[in-house]
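Asks: The sequence shown begins at 1 in the UniProt record's numbering and counts up by one. Using N, Cα and C, we set each Cβ at its ideal position, and we do this for glycine too. All values reported here derive from a predicted model rather than from experimental measurement.
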Amino acid sequence: MRNILILIITFLLFSGCTKKVELGNFDSEKWKSDPNGCQGIRSEMIDDLLEVKPNLLGLYQKSIIKALGQPESEELYERSQTYYFYAIDPSADCANSKDDDPRILSIRFTALGIANEVDIR
1 MRNILILIIT FLLFSGCTKK VELGNFDSEK WKSDPNGCQG IRSEMIDDLL EVKPNLLGLY
61 QKSIIKALGQ PESEELYERS QTYYFYAIDP SADCANSKDD DPRILSIRFT ALGIANEVDI
121 R
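What follows is the structure, given as structure tokens:
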């Protein structure tokens with residue numbers, strides 16, 4: 001009985017250790033409603049994204065997915081680092097893609113799953 005109680009308390013402590021996502025005026029639902037940037041909504045949100053970009057640093061992968069949705073692609077890099085890629089401008093997967101080099105939001109995570117680099121290219 002005591003072991004179960006310790007297990008429950010430990011679980012509650014660790015579940016409360018995730019960093020709260022503070023994105024100010026950034027509309028996560030609006031961002032998520034435009035997969036691959038096909039509707040141009042993400043392009044219109046670029047100023048909001050630039051404003052909250054520093055707030056994404058230090059967040060866990062789970063928190064990033066909660067805020068931005070599933071990435072369009074991800075890449076496993078050396079030393080178990082992971083990159084998430086989100087299309088900002090309509091990507092090649094969109095029928096209305098005009099740009100050969102659309103802007104991409106790139107987020108690099110450490111082996112522990114913590115965002116340590118956020119870049120728009």
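For Asn-36 versus Glu-72, is the C-beta distance shorter than 9 Å?
Replies: yes
Asks: For Met-45 versus Lys-30, is the C-beta spacing smaller than 9 Å?
Replies: Less than 9 Å separates the beta-carbon of Met-45 from that of Lys-30.
Asks: In three-state DSSP terms, what is Leu-23?
Replies: coil
Asks: With DSSP collapsed to three states, give me the class of Ala-87.
Replies: Correct three-state label for Ala-87: strand.
Asks: Does the count of Cβ pairs from the segment 87-101 and the segment 53-70 closer than 8 Å reach three?
Replies: no
Asks: Looking at Tyr-77: is its Cβ nearer than 9 Å to the Cβ of Arg-108?
Replies: yes
Asks: Report the rounded CA-to-CA distance for Lys-98 versus Ile-4, giving the unit in angstroms.
Replies: 58 Å
Asks: For Arg-2, is the classification buried or exposed, using 16 other Cβ atoms within 10 angstroms of its Cβ as the cut-off for buried?
Replies: exposed
Asks: In this structure, what does DSSP give as the bridge partners for Glu-44?
Replies: Answer by DSSP bridge pairing: none, since Glu-44 is not bridged.
Asks: In this structure, does DSSP put Leu-57 in helix, strand or coil?
Replies: coil
Asks: In the structure shown, what three-state DSSP assignment does Arg-108 receive?
Replies: Arg-108: strand per DSSP, three-state reduction.
Asks: What is the C-beta distance between Ile-114 and Tyr-84, in whole angstroms, given that I count them as a contact (C-beta under 8 Å)?
Replies: Their Cβ separation, rounded to whole angstroms, is 12 Å, which puts Ile-114 and Tyr-84 out of contact at 8 Å.
Asks: Indicate the three-state DSSP secondary structure (helix, strand or coil) for Ser-80 in the structure shown.
Replies: helix
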